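In our numbering, the protein residues as written are 52 to 402. The block underneath contains the structure these notes are about, expressed in structure tokens.
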């Protein structure tokens, strides 16, 4: 399910960039239209991915755990199917979070994430331990926690989009206090124009990550375990870069000037913002890269007690540093290119 949900990043990128552009122009109708079409596309994408993933749930579990323990397979398949049923909620969550970030509201998504995590933990105990539902209870807990997050984010987004700008500020082509949006293929194409190139980028990333996992799995078990530890450290180390990319996506559209023929022009404010983000990336990279190396050298024991795994993790600390060091800068550049809707180079680079 994590791989399935990774696909929804294209909704994250498209919603953030499109809402940020319309919100910075104070076009309330266009912002409403983008969020509405994003929600429709999220539900459709979640259902489509779920329909494709559901028949593969049992074969996927069997391929991973083998056929020796039918009870484990039954429990894992039940959990996986519950999570697949929640894919439309996961896609909705992505669109609502991104839309609020495009409106330059980073606090509400953060609070929703924290409250959802706390609710998930409490429900895990209630359903898995107290009620005895086992691993299926963990799937239901995730489903309920995400429903809470979607409800909170949806209410906040609706409230923000229901308050019109002043008539002097509002550049909407249709001034209306009511929520009237015409669903159209033209608006869907806006998501496609930015979202489909991002899908190509994601395909490149997924191929790279899955090929590494396959290569590690083809070797002995300690190598696969070491790969999982390194992947966890790398994933955590990438979070600051991901945050900078989202910042670039949300704020750069507001610094752009209208160009000839409907295009955009980079302004001095755009360059200043990019410079500041790169400076933050330099400082953040120094801290995060050092932390990743220390986690490899001294903290791998927190993940496992197997000496072979620990030794393998420690042996690649230098390579991990080389991988983490440029990540934040790459993500700033990626966010800037996406904000400028210049995806040609990005797609070619990841292909």
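Each residue gets a CB set at the ideal place from its N, CA and C atoms; glycine is no exception. Predicted model only: the values in this text are computed from it and were never measured.
How many whole angstroms separate the CB atoms of residue 329 and residue 383, which I take to be in contact at a CB cut-off of 8 Å? 6 Å
So what's residue 157 in DSSP terms, helix, strand or just coil? coil
How is residue 175 classed by DSSP in three states: helix, strand or coil? helix
Looking at the structure shown, is residue 182 part of a helix, part of a strand, or coil, going by DSSP? coil
7 Å Cβ cutoff met for residue 346 and residue 281: no
Would you kindly report the start and end of the unbroken alpha helix (DSSP H) that includes residue 360? 358-366
Decide if residue 159 is buried, meaning its Cβ has at least 16 other Cβ atoms within 10 Å, or exposed. buried
Using a Cβ-Cβ cut-off of 7 Å, state whether residue 385 counts as contacting chain B. Annotation note: the requested chain B is absent from the structure, which comprises a single protein chain.
Which residues in the same chain as residue 75 place their Cβ atom closer than 7 Å to its Cβ, once the five residues preceding and following it in sequence are excluded? 304 and 305
Rounded to the nearest angstrom, what separates residue 145 and residue 245 at their Cα positions? 16 Å
From 342, 90, 335 and 307, residue whose alpha carbon lies closest to that of residue 318: 307
Alpha carbon to alpha carbon, what distance is there between residue 321 and residue 311? Confidence in residue 311 is poor, its pLDDT being 44 and thus under 50, which makes the residue's placement too unreliable to answer from.
Expected contact under 8 Å - CB spacing of residue 208 and residue 166 to nearest Å: At roughly 16 Å, the Cβ-Cβ gap does not stay under 8 Å, so residue 208 and residue 166 are not in contact.
Could you tell me whether the stretch 379-396 touches the stretch 289-303, where touching means 3 or more Cβ pairs closer than 8 Å? yes
Close beta carbons around residue 104, own chain, < 6 Å, minus the five adjacent residues each side: 55 and 135
Alpha helix (DSSP H) runs contained entirely in the stretch 68-134, provided each spans 4 or more residues: 79-104 and 108-116
How would you call residue 98, buried or exposed, if buried means at least 16 neighbouring beta carbons within 10 angstroms? exposed
Per-residue DSSP class, three states only, for residue 312: The pLDDT assigned to residue 312 is 48, lower than 50, so where the model puts this residue is not dependable; a value taken from the coordinates is nonetheless given after this. Helix at residue 312.
6 Å CB neighbourhood of residue 227 in its chain, flanking five on each side removed: Confidence at residue 227 is low in this model, with a pLDDT of 49, below 50, so its placement is unreliable and no value can be given for it.
Buried/exposed call for residue 78, threshold 16 Cβ in 10 Å: buried
Do residue 194 and residue 137 have their C-beta atoms closer together than 7 Å? yes
Might you give, ordered along the chain, the residues of its own chain that have their beta carbon closer than 6 Å to the beta carbon of residue 238, omitting 5 neighbours on each side? 84 and 88
Could you have a look at residue 375 and say whether DSSP puts it in helix, strand or coil? helix
Is it the case that the Cβ atoms of residue 390 and residue 68 are separated by a distance below 7 Å? yes
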